[in-house]
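With the first letter of the sequence shown counted as 1, position 56 gets the number 56 in the UniProt record's numbering; the numbers rise by one all the way through.
Glycine is no exception: its CB is placed at the ideal position from the N, C-alpha and C atoms.
All values reported here derive from a predicted model rather than from experimental measurement.
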Amino acid sequence: MSEIKLSDQLGAMAIIDELYHQQIALEEQLNPSALRNKIAQSVKQYYQSKGMDIDDALIEKGVNQWFADRLRFQMAKPAWHQRLLAKFYINRNIFIIACLLCAIAWGGYATLTSYTEKWAQQALVAKQQAESRR
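Here you go:
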């Protein structure tokens with residue numbers, strides 16, 4: 001008789017473990033009151049082992065709050081830069097128009113400044129030529 005390969009045995013054990021965990025999860029979903037009781041007992045035993053005397057009502061309240069929120073999806077709040085990029089993407093048409101207007105305004109300002117400097121320089125040259133003629 002040939003020996004069993006370790007990889008075959010580990011593969012079968014992985015499948016069995018997966019099925020076992022699925023069975024436990026299914027039992028928890030089908031009998032939530034038993035799961036609540038198990039959790040409450042475990043929490044109570046933990047606190048007693050630490051020497052703390054906690055009321056059963058307080059433990060029950062905590063377990064109920066945990067069960068109320070345990071299957072609710074709570075999305076993490078995105079970082080500020082992610083929100084800013086999302087707003088830019090959503091309002092991209094407005095953003096593109098604003099960027100184009102800023103570019104046009106900057107170009108106009110640069111052109112006007114350039115012409116103003118040239119006019120001032122021409123006026124200065126004309127003034128110097130007029131003074132030199134005197």
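Our two residues, Glu27 and Lys44, have alpha carbons roughly 22 Å apart in a direct line. For Gln23, the three-state secondary structure derived from DSSP is helix.
In the three-state reduction of the DSSP assignment, Ile97 falls in the helix class. Within the same chain, and ignoring the five residues on either side of Thr116 in sequence, no residue has its Cβ closer than 6 Å to its Cβ. With a beta-carbon spacing of about 5 Å, Tyr47 and Ile54 fall inside the 8 Å limit used to define contacts.
DSSP places Phe73 outside any alpha helix (DSSP H), giving it a letter other than H or E. When C-alpha distances from Ser33 are compared across Gly11, Ile15 and Asn64, the shortest belongs to Asn64. At a Cβ-Cβ threshold of 8 Å, Phe67 and Arg36 count as neighbours.
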